[in-house]
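Position in the sequence shown (first residue = 1) + 885 = the working numbering.
We treat Cβ as the ideally placed atom computed from N, Cα and C, and that holds for glycine.
Just so you know, these numbers come straight off a predicted model, no measurement behind them.
In what follows, a structure is listed as structure tokens, so that the remarks can point back to it.
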Amino acid sequence: MTLTGIQKAALLLTTLDASTAADLLKGQPQQVVQKIAFELSELDLKGQTNTEQASEVVQQFFAELTRPQSGELHIKQFVNSLLQGSAGKEKAKELQNKMQQAVIQKDPFVIISDASPIHLASVLQNESPQAIAIVLSEISPKLGTEILSRLDEQKAQMTVWRMAQPATVSRQTVLRIGEMVHKRLAEMQSEQVEAGQTPEEDTSTANLRKIALVLGGLNKEKRDAFLETIEGKDDEAADMVRALMVTWEDIPRIEDKSLQEILRQVEVSTMAKSLQGADAIIAAKINGNISERMKEMIEEEVSLMGTLKKKDIAEAREAMVQPLRDANKAGDLEFIEEDD
């Protein structure tokens, strides 16, 4: 990418330690500090900074005076040090808030693109297909695919159709939708904190899931040995790892024969509830491993059901997954081997 003058100046400052950079900015108007810090934040959020790029800037302007640093550019830490050093701690937080608002107003999708797929899909689920299509057109294809897979099938299909239509909305409308989505994501995060579900807990669960996936690839003897070690230090963590070894989302990864044996044990009403609003790939996996008679019974059960609460669906899915976990614990569950 071609850098502007202010972007080059911002990158140049990253080659200096925070103290020296702050000394250079002392006495400068806060607007100047804010503008440079804003450019640093935006470049970092868009992933457009690297040591090679910074090195080129240094060579252009200060080849004989400075040297580019090795390693990654820790932009966020640098911005924090820069703001506190040049504007003082009291003003630093105020400037950081202004920077964030400036980024949101200029391009809210830069921040939205860093959101959890689960959270973003939850926010978009209640939006119109047109609004969802606009958001998906502004984020990466990979994230867009994850979002589509989490929407109900009809809404996902309508969204894809909308994306295929010629753009008829102004850039201002696109940005307004982006600001609205960002606001709702922020509200969701705030609600989770109030409910006691902190980011740290989300991270802890994610780490335990990684452990579960690693242990799941071992033979039963080694897996049980590791689980016993974890259990000796933290019973709750061990139970969580066992549960996370097999989740609802893992069903497509299970070998057909193993899945068929378990599905025969599941009640029709439970299966019917669990399939409500299920991802297409999961529904296809289940339907492909039950008899035609079972499918007819499920369809009949669904026709008699009213609107289900999310809690009821979640409980039904948990009831379906539990025998899979039991089979996995006994070493009787086979997973499809993924290609390297």
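For the pair residue 1167 and residue 1159, the Cα-to-Cα distance works out to about 10 Å. Contact between the stretch 1030-1038 and the stretch 1066-1076 is absent: fewer than three C-beta pairs spanning the two stretches fall below 8 Å. Residue 1147 has its alpha-carbon roughly 40 Å from the corresponding atom of residue 1016. DSSP lists 1220 as the beta-bridge partner residues of residue 1139. Taking each of 1064, 1028, 1174 and 919 in turn and checking the Cα distance to residue 1137, the smallest one comes out for 1174. Judged by their CB atoms, residue 1130 and residue 1210 are nearer to each other than the 8 Å cut-off. Contact between the stretch 1143-1157 and the stretch 1107-1125 is not established, with fewer than three Cβ pairs separated by less than 8 Å. Nearest neighbour of residue 1221 by Cα position, chosen from 1192, 1102, 1195 and 1030, turns out to be 1102. In this structure, the straight-line span from the alpha carbon of residue 1165 to that of residue 1065 is close to 28 Å.
In the structure shown, residue 1052 adopts coil according to DSSP, grouped into three states.
Rounded to whole angstroms, the separation of the alpha carbons of residue 1154 and residue 1201 is 9 Å.
In the structure shown, the three-state DSSP call for residue 1160 is coil.
Only exposed fits residue 1056, as fewer than 16 other CB atoms lie within 10 angstroms of its CB. Taking residue 993 as the centre and dropping the five residues before and after it, the same chain places the C-beta of 1060, 1063, 1064, 1066 and 1067 closer than 8 Å to its C-beta, in chain order. In this structure residue 1024 does not touch residue 1009 by the C-beta definition: roughly 11 Å separates them, more than the 8 Å allowed. Residue 1018 has its alpha-carbon roughly 45 Å from the corresponding atom of residue 1215.
Here residue 1002 has 1028, 1031, 1032 and 1035 as same chain residues with Cβ atoms under 8 Å from its own Cβ, once five neighbours each way along the sequence are excluded. Between residue 1005 and residue 996, the C-beta spacing is not below 8 Å.
Annotation for residue 1037: no alpha helix (DSSP H) segment contains it, and DSSP assigns it neither H nor E. Taking C-beta atoms as the reference points, residue 1048 and residue 1007 fail to come closer than 8 Å.
DSSP places residue 1103 in the coil class of the three-state scheme, outside both helix and strand. If you draw a straight line from the Cα of residue 1132 to the Cα of residue 921, it is about 46 Å long. By the neighbour-count criterion, in which 16 or more other beta carbons inside 10 Å mark a residue as buried, residue 1097 falls on the buried side.
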